[in-house]
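Remarks on the structure that follows.
2 protein chains.
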Amino acid sequence: MGRWEPDAVGRLRTAALELFVERSYEQTTVADIAERAGLTARTFFRHFPDKREVLFQGSERLEQTMVDALLQTPDGVSAMTAVATAMGAAGSYFGDIQAFARRRRDVIAMNAELRERELIKLAKLSASLADALAQRGIDAIEARLAAETGMAVFRLAFDLWLADGEHRRFDAIAADLLRRLARLAPGA
Amino acid sequence: MGRWEPDAVGRLRTAALELFVERSYEQTTVADIAERAGLTARTFFRHFPDKREVLFQGSERLEQTMVDALLQTPDGVSAMTAVATAMGAAGSYFGDIQAFARRRRDVIAMNAELRERELIKLAKLSASLADALAQRGIDAIEARLAAETGMAVFRLAFDLWLADGEHRRFDAIAADLLRRLARLAPGA
DNA sequence: GTCTATAGGGCGATAGAC
DNA sequence: GTCTATCGCCCTATAGAC
């Protein structure tokens with residue numbers, strides 16, 4: 108046993124989600140979160156740059172997973188195929204955390220600031236995918252177009268994945284949406 | 108002459124953009140903005156729900172313009188064609204405000220909170236377009252897919268429109284990107 | 001760990017326009 | 001009288017500085 112209880116970050120994360128569910132994000136102060144985790148507000152801010160981030164830290168790992176998958180696709184595959192592969196990797200990453208993801212989604216849906224933060228995380232992810240595509244020799248604009256479009260599919264797939272009664276895996280839903288998109292696009 | 112100088116909102120907007128350019132968003136307090144506009148901080152918050160919003164209020168009009176254009180497309184046009192029409196309306200709406208838009212873009216690019224706010228405005232726009240499409244009888248998921256994809260194109264087109272040396276109109280750029288997207292998508 | 005500036009909300013007062 | 005835009009003062013929580 109060390110001098111402190113272990114896993115301060117994990118305890119803060121758990122405490123935060125619990126409190127946000129119990130009494131909403133706005134009605135929870137950083138001091139409340141820290142107290143439940145047995146820490147002080149000052150300690151909270153040493154682990155998270157701001158109050159919102161306690162729900163979002165960890166997205167770097169998803170990003171890395173998707174970028175890695177994209178970069179490992181064989182040479183010569185199309186931009187959209189590479190993006191589809193990255194989406195498949197996200198599916199494996201998500202696995203069966205639906206119950207947790209649903210609680211988290213509900214908290215985020217109720218608060219504008221949290222929705223903003225979620226969007227910027229996805230925008231970062233999009234930029235990383237575009238970089239990775241460009242790194243593979245794809246034209247810069249085409250790379251951004253494919254990445255942004257891919258993220259549009261990602262957002263919608265994530266939403267559907269968490270919908271009531273949905274039983275398919277994330278990547279199956281994403282693949283289905285990509286197919287529908289292909290049918291949609293030629294009209295322009 | 109009334110008791111107060113007219114157009115408090117306009118004065119606050121101008122003062123804010125000036126100060127953000129002069130000394131950055133972070134280094135400008137709401138009191139600074141209000142002072143330059145000849146008002147107090149309390150009055151600022153009566154017109155804008157928060158400090159960020161002073162740069163974004165007005166986006167409702169763009170949204171209305173695009174939704175109206177979308178709804179006025181003839182019956183039977185495809186989802187992507189309707190979205191393309193909305194994009195064309197946005198082009199007319201933007202007209203020749205490039206100089207202003209560039210200053211605004213530079214301020215926003217320098218601050219994470221402002222980027223977040225911009226993203227949520229675009230997400231709202233996307234949701235409105237999806238609603239409008241659904242209202243026209245398009246399947247709900249297809250509507251969201253088309254709207255999200257359209258917004259991906261919108262974001263990129265806006266970016267390119269403000270790039271140095273760009274001389275085309277916004278809608279010309281958007282139309283070009285939609286064409287490129289159509290070529291990209293079938294690969295999936 | 002303490003100290004502080006700023007965001008942003010609540011409530012009431014005021015001074016015009018009508 | 002009402003309605004509306006402004007200001008003043010109080011407050012708390014966030015988040016950064018020291």
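Protein chains in written order, with this note's numbering: chain H, 108 to 295; chain Y, 108 to 295.
We put the CB at the ideal spot given by N, CA and C, even for glycine.
- Look at Val184(Y) here: in three-state DSSP terms it is coil, with no helix or strand label.
- Counting only Cβ-Cβ distances below 7 Å, Ala230(H) has contacts in chain Y at Leu226, in chain order.
- Contact check for Ala250(H) against Leu240(H) passes: the beta carbons are separated by less than 8 Å.
- Per DSSP, the unbroken alpha helix (DSSP H) holding Phe277(H) starts and ends at Phe277 to Leu291.
- Per DSSP, the unbroken alpha helix (DSSP H) holding Glu249(Y) starts and ends at Ala247 to Trp268.
- Counting along the chain, Phe152(H) sits inside the alpha helix (DSSP H) bounded by residues Ala148 to His154.
- Put simply, the backbone Cα of Ala193(Y) is about 19 Å away from that of Leu252(H).
- Looking only at Ile248(H), Ala289(H), Ser166(H) and Glu125(H), the smallest Cα-Cα distance to Lys228(H) is reached by Ser166(H).
- Rounded to the nearest whole angstrom, the C-alpha separation of Val116(H) and His274(H) is 31 Å.
- Within chain H, no residue has its beta carbon less than 9 Å from that of Thr150(Y); the closest one is some 23 Å off.
- Of all alpha-carbon atoms in Val174(H), Arg212(H), Asp182(H) and Ala216(H), the one lying nearest the alpha-carbon of Tyr200(H) is that of Val174(H).
- Rounded to whole angstroms, Ala247(Y) and Ala237(Y) show a C-alpha spacing of 8 Å.
- A straight-line Cα-Cα distance of about 43 Å links Arg118(H) and Arg210(Y).
- If you check each beta-carbon in the region 179-203 of chain H against every beta-carbon of chain Y, the ones closer than 9 Å belong to Val184, Ser185, Ala186, Met187, Thr188, Val190 and Ala191.
- What Arg118(Y) touches in chain H, judged by beta-carbon distance under 7 Å, is nothing: the nearest beta carbon there is about 26 Å away.
- Proximity to Trp111(H) across Gly145(H), His154(H), Asp271(H) and Glu133(H) peaks at Gly145(H), based on C-alpha coordinates.
- Counting only residues of its own chain and dropping the five nearest sequence neighbours on each side, Arg222(H) has a CB closer than 8 Å to the CB of Ile215 and Ala216.
- Where Glu223(H) is concerned, the enclosing alpha helix (DSSP H) starts and stops at Ala219 to Gln242.
- Between the region 175-186 of chain H and the region 139-154 of chain H there are fewer than three inter-stretch CB-CB distances shorter than 8 Å, so the stretches are not counted as touching.
- Gln205(H) and Leu269(H) have their C-alpha atoms roughly 7 Å apart.
- Asp175(Y) carries a helical assignment under DSSP once its states are collapsed to helix, strand and coil.
- In chain order, Ile140 and Val161 place their CB closer than 6 Å to the CB of Ala123(Y), counting only its own chain and leaving out the 5 sequence neighbours on each side.
- Membership of Gly202(H) in any alpha helix (DSSP H) is not indicated, and neither H nor E is assigned to it by DSSP.
- Assignment of Gly145(H) by DSSP, reduced to helix, strand and coil, places it in the coil class.
- For Arg120(H), the enclosing alpha helix (DSSP H) has its first and last residue at Ala115 to Arg130.
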